[in-house]
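Take 106 as the starting number for the sequence shown in the numbering used here and just add one per residue. Where is the CB? At the ideal position from N, CA and C, for every residue including glycine. Here the structure is laid out as structure tokens; the discussion comes afterwards.
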Amino acid sequence: MATITDATDPAALQYVLDRLAIQDLIVQYALGQDLHDNGDDQVQEQWDVVFAPDAHLDYRAGGAAPDLDYTTLIQTMRGPGGTMAGLDNWQHLQGIAAVDIDGDIATARTQHLHTHTGTTDGKDWNPMQTGFFVDRLERRPEGWRIVHRTLEILWMQTFPTV
């Protein structure tokens, strides 16, 4: 990670601008999940500005295939019988990413806490997941985009409702 010692240095200013753009991109992922629940399936609209069209996602930790594109991930989660079909509500909280920028390439490691509510067999339940997203990003003409994302799960637990 870079240490800024001279705020008047153009390279330092560019680093801060890039860092903020990358952080905003990571938040857009979570907003894409959370703003499009309750039958609104416009997640792709949001994620088109997060992922490069040729991005690869590794969500094996969550039970998905090892090399997905983000449109397939959307269908896996939101499609008929998808992994989120039994959920009523959710919120995806992202931490502040640790970012390393080297020219037009960056890596980011972001903590996450994903909360959900749902009903199975007439019983309410609250699955929670914690972990990290490890992203490789590229600066492209349209801005920073995630080109590879790996999901790492620290723990996942289902809690009964009270």
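Mark residue i as exposed unless 16 or more other C-beta atoms lie within 10 angstroms of its C-beta, in which case mark it buried.
i, result
"TRP249", "buried"
"VAL148", "buried"
"ASP209", "exposed"
"ILE201", "exposed"
"THR113", "exposed"
Is DSSP giving residue i helix, strand or coil here?
i, result
"THR188", "coil"
"THR271", "Only positions 106 to 267 of the chain appear in the structure, and residue 271 is not among them; the question remains open."
"ARG227", "Note on residue identity: the sequence assigns Gly, not Arg, to residue 227. DSSP places GLY227 in coil when its eight states are reduced to three."
"LEU140", "coil"
"GLN149", "helix"
Roughly how far, in whole angstroms, is the beta-carbon of residue i from the beta-carbon of residue j, given that I think they are within contact range, below 8 Å?
i, j, result
"ASP163", "THR255", "4 Å"
"HIS161", "HIS253", "5 Å"
Quiz item: Three or more beta-carbon pairs under 8 Å between the stretch 186-202 and the stretch 146-158, yes or no?
Solution: The stretch 186-202, when compared against the stretch 146-158, does not touch it at the 8 Å Cβ threshold.
Quiz prompt | Three-pair Cβ contact test at 8 Å for the stretch 253-261 versus the stretch 225-235 | solution = Because the criterion of three Cβ pairs below 8 Å is met, the stretch 253-261 and the stretch 225-235 touch.
Exercise. State whether the stretch 190-205 contacts the stretch 161-169, with contact taken as three or more CB pairs (one from each stretch) at a distance under 8 Å.
Key: When Cβ pairs closer than 8 Å are counted between the two stretches, the stretch 190-205 is seen not to touch the stretch 161-169, the count staying below three.
Quiz prompt | Sequence ranges, beta strand (DSSP E) only - wholly within the stretch 153-222, length at least 3 | solution = Fully enclosed beta strand (DSSP E) runs of 3 or longer: 156-163, 192-199 and 203-207.
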